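Residue numbers (my numbering): 5 to 284.
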(Lines of atoms letter the chains of each structure in order from A; the text may use other names.)
(Lines give C-alpha, C1' and ligand atoms only; values in the text may rest on other atoms or scores of the structure.)
Protein backbone atom coordinates (compact mmCIF):
# COMPACT_ATOMS: atom_id res chain seq x y z
CA UNK A 5 0.00 0.00 0.00
CA UNK A 6 1.28 3.45 -0.95
CA UNK A 7 1.93 6.01 1.77
CA UNK A 8 -1.19 8.08 2.46
CA UNK A 9 -1.28 11.52 0.87
CA UNK A 10 -3.82 13.90 -0.58
CA UNK A 11 -4.36 13.78 -4.33
CA UNK A 12 -5.84 16.88 -5.99
CA UNK A 13 -7.40 15.46 -9.15
CA UNK A 14 -8.20 18.23 -11.63
CA UNK A 15 -10.34 17.16 -14.59
CA UNK A 16 -9.93 19.36 -17.65
CA UNK A 17 -12.44 18.42 -20.40
CA UNK A 18 -10.83 20.68 -22.97
CA UNK A 19 -9.62 20.13 -26.50
CA UNK A 20 -9.27 22.53 -29.39
CA UNK A 21 -8.18 21.95 -32.99
CA UNK A 22 -6.68 18.49 -32.59
CA UNK A 23 -7.84 17.26 -35.99
CA UNK A 24 -10.62 15.06 -34.62
CA UNK A 25 -13.19 15.46 -31.81
CA UNK A 26 -13.24 13.36 -28.66
CA UNK A 27 -10.32 14.34 -26.43
CA UNK A 28 -12.58 16.78 -24.59
CA UNK A 29 -14.33 13.71 -23.15
CA UNK A 30 -11.11 11.90 -22.23
CA UNK A 31 -11.15 12.94 -18.57
CA UNK A 32 -14.68 11.65 -18.03
CA UNK A 33 -13.83 8.40 -19.80
CA UNK A 34 -10.82 7.79 -17.54
CA UNK A 35 -12.89 8.56 -14.44
CA UNK A 36 -15.69 6.27 -15.63
CA UNK A 37 -13.03 3.56 -16.02
CA UNK A 38 -12.52 3.67 -12.25
CA UNK A 39 -9.58 5.99 -11.60
CA UNK A 40 -11.13 7.56 -8.51
CA UNK A 41 -11.96 4.16 -7.02
CA UNK A 42 -8.42 2.90 -7.69
CA UNK A 43 -6.89 5.90 -5.93
CA UNK A 44 -9.14 5.49 -2.88
CA UNK A 45 -8.30 1.78 -2.71
CA UNK A 46 -4.67 2.84 -2.32
CA UNK A 47 -5.65 4.60 0.89
CA UNK A 48 -5.12 8.02 -0.66
CA UNK A 49 -7.31 10.99 0.17
CA UNK A 50 -8.85 12.27 -3.05
CA UNK A 51 -10.27 15.68 -3.85
CA UNK A 52 -11.79 16.14 -7.30
CA UNK A 53 -12.57 19.30 -9.20
CA UNK A 54 -13.42 20.26 -12.76
CA UNK A 55 -11.96 23.14 -14.75
CA UNK A 56 -13.17 24.62 -18.02
CA UNK A 57 -12.26 27.53 -20.28
CA UNK A 58 -12.85 28.99 -23.71
CA UNK A 59 -9.32 28.84 -25.14
CA UNK A 60 -5.83 27.52 -24.47
CA UNK A 61 -4.60 30.62 -22.69
CA UNK A 62 -7.63 30.81 -20.38
CA UNK A 63 -7.49 27.11 -19.53
CA UNK A 64 -3.73 27.24 -18.99
CA UNK A 65 -3.99 30.23 -16.64
CA UNK A 66 -6.80 28.68 -14.61
CA UNK A 67 -5.10 25.30 -14.43
CA UNK A 68 -1.76 26.82 -13.45
CA UNK A 69 -3.47 28.57 -10.54
CA UNK A 70 -5.14 25.35 -9.40
CA UNK A 71 -1.92 23.34 -9.62
CA UNK A 72 0.05 26.05 -7.84
CA UNK A 73 -2.51 26.07 -5.03
CA UNK A 74 -2.37 22.28 -4.71
CA UNK A 75 1.43 22.33 -4.41
CA UNK A 76 1.34 25.13 -1.84
CA UNK A 77 -1.07 23.03 0.26
CA UNK A 78 1.18 19.98 0.13
CA UNK A 79 -1.00 17.99 -2.26
CA UNK A 80 -0.13 15.82 -5.27
CA UNK A 81 -1.58 17.51 -8.38
CA UNK A 82 -3.03 14.98 -10.85
CA UNK A 83 -4.34 16.64 -14.00
CA UNK A 84 -6.56 14.57 -16.30
CA UNK A 85 -7.37 16.00 -19.75
CA UNK A 86 -8.10 16.80 -22.46
CA UNK A 87 -5.66 17.37 -25.30
CA UNK A 88 -1.89 17.83 -24.97
CA UNK A 89 -2.22 21.58 -24.46
CA UNK A 90 -3.38 20.79 -20.90
CA UNK A 91 0.24 20.04 -20.00
CA UNK A 92 1.13 23.72 -20.51
CA UNK A 93 -0.98 24.91 -17.59
CA UNK A 94 -0.08 21.95 -15.41
CA UNK A 95 3.67 22.52 -15.66
CA UNK A 96 3.32 26.31 -15.52
CA UNK A 97 1.55 25.92 -12.17
CA UNK A 98 4.33 23.73 -10.82
CA UNK A 99 6.91 26.29 -11.87
CA UNK A 100 5.12 28.99 -9.91
CA UNK A 101 5.76 27.05 -6.68
CA UNK A 102 8.93 25.06 -7.34
CA UNK A 103 12.30 26.61 -7.99
CA UNK A 104 13.01 23.89 -10.51
CA UNK A 105 10.93 20.90 -11.60
CA UNK A 106 12.19 17.96 -13.64
CA UNK A 107 9.91 16.61 -16.37
CA UNK A 108 9.59 13.11 -17.83
CA UNK A 109 7.57 13.46 -21.04
CA UNK A 110 5.99 10.25 -22.38
CA UNK A 111 4.82 10.83 -25.96
CA UNK A 112 4.99 9.44 -29.48
CA UNK A 113 5.62 13.03 -30.61
CA UNK A 114 8.00 15.66 -29.19
CA UNK A 115 5.31 18.39 -29.42
CA UNK A 116 8.10 20.83 -30.30
CA UNK A 117 6.45 22.54 -33.25
CA UNK A 118 5.80 26.28 -33.15
CA UNK A 119 3.51 28.71 -34.90
CA UNK A 120 6.18 29.00 -37.57
CA UNK A 121 6.83 25.27 -38.10
CA UNK A 122 3.41 23.69 -37.58
CA UNK A 123 1.45 23.12 -40.79
CA UNK A 124 -1.84 22.75 -38.89
CA UNK A 125 -1.62 25.30 -36.08
CA UNK A 126 -2.80 22.66 -33.58
CA UNK A 127 -1.63 23.66 -30.11
CA UNK A 128 -1.28 20.03 -29.00
CA UNK A 129 1.62 19.84 -31.48
CA UNK A 130 3.27 22.81 -29.72
CA UNK A 131 2.76 21.85 -26.08
CA UNK A 132 6.36 21.19 -25.08
CA UNK A 133 7.64 24.09 -27.17
CA UNK A 134 5.20 26.31 -25.25
CA UNK A 135 6.33 24.91 -21.89
CA UNK A 136 9.90 25.76 -22.86
CA UNK A 137 8.81 29.32 -23.73
CA UNK A 138 9.32 28.98 -27.48
CA UNK A 139 5.81 29.87 -28.71
CA UNK A 140 3.49 32.85 -28.47
CA UNK A 141 1.50 31.28 -25.61
CA UNK A 142 2.38 33.55 -22.71
CA UNK A 143 1.38 32.09 -19.34
CA UNK A 144 3.16 32.84 -16.07
CA UNK A 145 5.37 29.86 -15.26
CA UNK A 146 6.22 28.74 -18.80
CA UNK A 147 9.82 28.87 -19.96
CA UNK A 148 11.22 27.78 -16.60
CA UNK A 149 11.83 24.07 -17.18
CA UNK A 150 15.56 23.50 -17.64
CA UNK A 151 16.35 21.38 -20.68
CA UNK A 152 18.97 19.59 -18.58
CA UNK A 153 16.14 18.15 -16.46
CA UNK A 154 13.77 17.28 -19.31
CA UNK A 155 13.53 13.72 -20.65
CA UNK A 156 11.39 12.48 -23.56
CA UNK A 157 10.40 8.80 -23.73
CA UNK A 158 8.63 6.88 -26.48
CA UNK A 159 9.28 9.10 -29.50
CA UNK A 160 8.61 7.56 -32.90
CA UNK A 161 7.08 10.32 -35.04
CA UNK A 162 9.32 13.39 -35.23
CA UNK A 163 9.09 16.29 -37.69
CA UNK A 164 12.30 17.60 -39.36
CA UNK A 165 12.23 20.92 -37.46
CA UNK A 166 11.76 19.04 -34.18
CA UNK A 167 14.67 16.73 -35.00
CA UNK A 168 16.89 19.74 -35.64
CA UNK A 169 15.81 21.39 -32.39
CA UNK A 170 16.40 18.22 -30.35
CA UNK A 171 19.92 17.85 -31.74
CA UNK A 172 20.77 21.55 -31.48
CA UNK A 173 19.60 21.82 -27.87
CA UNK A 174 20.93 18.43 -26.81
CA UNK A 175 17.61 17.31 -25.33
CA UNK A 176 17.55 13.97 -23.56
CA UNK A 177 15.42 11.63 -25.68
CA UNK A 178 14.73 7.91 -25.57
CA UNK A 179 12.99 6.93 -28.79
CA UNK A 180 11.26 3.56 -29.07
CA UNK A 181 14.48 2.34 -30.70
CA UNK A 182 16.33 3.11 -27.44
CA UNK A 183 13.56 1.45 -25.42
CA UNK A 184 13.93 -1.69 -27.55
CA UNK A 185 17.72 -1.65 -27.32
CA UNK A 186 18.14 -0.75 -23.65
CA UNK A 187 14.94 -2.05 -22.10
CA UNK A 188 12.38 0.07 -20.29
CA UNK A 189 14.02 -0.42 -16.88
CA UNK A 190 17.30 1.24 -17.87
CA UNK A 191 15.46 3.97 -19.77
CA UNK A 192 13.34 4.92 -16.77
CA UNK A 193 16.25 4.69 -14.36
CA UNK A 194 18.28 7.08 -16.51
CA UNK A 195 15.27 9.37 -16.96
CA UNK A 196 14.79 9.56 -13.19
CA UNK A 197 18.45 10.42 -12.69
CA UNK A 198 18.34 13.19 -15.32
CA UNK A 199 14.99 14.69 -14.28
CA UNK A 200 15.78 14.42 -10.58
CA UNK A 201 19.25 15.96 -10.70
CA UNK A 202 19.07 19.09 -8.52
CA UNK A 203 15.30 19.49 -8.90
CA UNK A 204 12.49 19.99 -6.40
CA UNK A 205 10.58 16.99 -7.73
CA UNK A 206 9.64 15.22 -10.95
CA UNK A 207 6.52 15.79 -13.01
CA UNK A 208 5.34 12.92 -15.21
CA UNK A 209 3.57 14.16 -18.33
CA UNK A 210 1.86 11.22 -20.04
CA UNK A 211 0.34 11.37 -23.51
CA UNK A 212 -1.71 8.21 -24.11
CA UNK A 213 -0.31 7.89 -27.63
CA UNK A 214 3.04 6.78 -26.17
CA UNK A 215 1.27 3.42 -25.90
CA UNK A 216 0.98 1.03 -28.82
CA UNK A 217 -2.41 1.44 -30.56
CA UNK A 218 -2.86 -2.35 -30.40
CA UNK A 219 -3.10 -1.85 -26.63
CA UNK A 220 -4.60 1.66 -26.60
CA UNK A 221 -6.64 2.45 -29.73
CA UNK A 222 -8.52 5.37 -28.18
CA UNK A 223 -5.99 8.17 -28.61
CA UNK A 224 -5.94 11.38 -30.64
CA UNK A 225 -2.88 10.59 -32.80
CA UNK A 226 -2.11 6.88 -32.88
CA UNK A 227 1.35 5.80 -34.06
CA UNK A 228 2.29 2.10 -34.36
CA UNK A 229 5.16 0.70 -32.34
CA UNK A 230 4.64 2.16 -28.87
CA UNK A 231 4.88 0.85 -25.32
CA UNK A 232 3.01 -2.36 -24.56
CA UNK A 233 0.82 -3.04 -21.52
CA UNK A 234 3.38 -4.70 -19.25
CA UNK A 235 6.19 -2.41 -20.43
CA UNK A 236 4.13 0.67 -19.56
CA UNK A 237 3.08 -0.67 -16.17
CA UNK A 238 6.67 -1.56 -15.31
CA UNK A 239 7.74 1.98 -16.20
CA UNK A 240 5.05 3.42 -13.93
CA UNK A 241 5.97 1.07 -11.09
CA UNK A 242 9.60 2.17 -11.37
CA UNK A 243 8.50 5.81 -11.21
CA UNK A 244 6.50 5.07 -8.06
CA UNK A 245 9.36 3.15 -6.42
CA UNK A 246 11.70 6.11 -6.93
CA UNK A 247 9.68 8.28 -4.54
CA UNK A 248 10.59 11.28 -6.71
CA UNK A 249 7.34 11.84 -8.62
CA UNK A 250 5.46 14.80 -7.16
CA UNK A 251 2.84 15.48 -9.86
CA UNK A 252 1.39 14.10 -13.07
CA UNK A 253 -0.76 14.98 -16.06
CA UNK A 254 -2.47 12.59 -18.48
CA UNK A 255 -3.75 13.66 -21.90
CA UNK A 256 -4.96 12.67 -25.38
CA UNK A 257 -7.40 9.86 -24.57
CA UNK A 258 -10.15 9.90 -27.19
CA UNK A 259 -13.16 7.76 -26.17
CA UNK A 260 -14.71 8.23 -29.63
CA UNK A 261 -11.92 6.02 -31.00
CA UNK A 262 -11.72 3.60 -28.07
CA UNK A 263 -12.76 -0.04 -28.01
CA UNK A 264 -15.04 -0.78 -25.05
CA UNK A 265 -13.06 1.70 -22.94
CA UNK A 266 -9.85 -0.36 -23.24
CA UNK A 267 -7.65 2.72 -23.42
CA UNK A 268 -9.34 4.52 -20.54
CA UNK A 269 -9.03 1.45 -18.31
CA UNK A 270 -5.37 1.05 -19.21
CA UNK A 271 -4.62 4.69 -18.48
CA UNK A 272 -6.46 4.54 -15.14
CA UNK A 273 -4.36 1.53 -14.18
CA UNK A 274 -1.13 3.24 -15.22
CA UNK A 275 -1.92 6.31 -13.13
CA UNK A 276 -2.69 4.06 -10.17
CA UNK A 277 0.71 2.39 -10.67
CA UNK A 278 2.48 5.75 -10.57
CA UNK A 279 0.62 6.47 -7.33
CA UNK A 280 1.85 3.22 -5.79
CA UNK A 281 -0.43 0.36 -6.82
CA UNK A 282 1.40 -2.98 -6.78
CA UNK A 283 0.57 -6.59 -7.53
CA UNK A 284 1.53 -7.60 -3.96
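Using N, Cα and C, we set each Cβ at its ideal position, and we do this for glycine too.
Since the structure is predicted, the reported quantities are computational estimates derived from the model, not experimental observations.
- When only Cα atoms are considered, residue 256 and residue 224 end up about 6 Å apart.
- The region 227 to 244 makes no contact with the region 28 to 44: fewer than 3 CB pairs, one atom from each, lie closer than 8 Å.
- In terms of Cβ geometry, residue 15 and residue 60 do not form a close pair [threshold 8 Å].
- Taking each of 35, 34, 99 in turn and checking the Cα distance to residue 65, the smallest one comes out for 99.
- Exposed is the label assigned to residue 174, since fewer than 16 other Cβ atoms lie within 10 Å of its Cβ.
- Less than 8 Å separates the beta-carbon of residue 19 from that of residue 86.
- Around the beta carbon of residue 269, 16 or more other beta carbons lie within 10 angstroms, which makes this residue buried.
- Taking C-beta separations shorter than 7 Å and ignoring five residues to either side along the sequence, the partners of residue 249 in its chain run 206, 208, 243, 278, following chain order.
- Short of 7 Å from the beta carbon of residue 122, and not among the five residues preceding or following it, lie these beta carbons of its own chain, in chain order: 129, 130.
- Contact check for residue 220 against residue 267 passes: the beta carbons are separated by less than 8 Å.
- In this structure, residue 95 and residue 135 form a Cβ contact; the two beta carbons are roughly 5 Å apart against a cut-off of 8 Å.
- Residue environment for residue 168: exposed (fewer than 16 other C-beta atoms within 10 angstroms of its C-beta).
- Taken atom to atom, the span from the alpha-carbon of residue 81 to that of residue 106 is near 15 Å.
- In this structure residue 222 is buried. Its beta-carbon is surrounded by 16 or more other beta-carbon atoms within 10 angstroms.
- The Cβ neighbour count for residue 10, taken over all protein chains shown within 10 Å, is under 16; the residue is labelled exposed.
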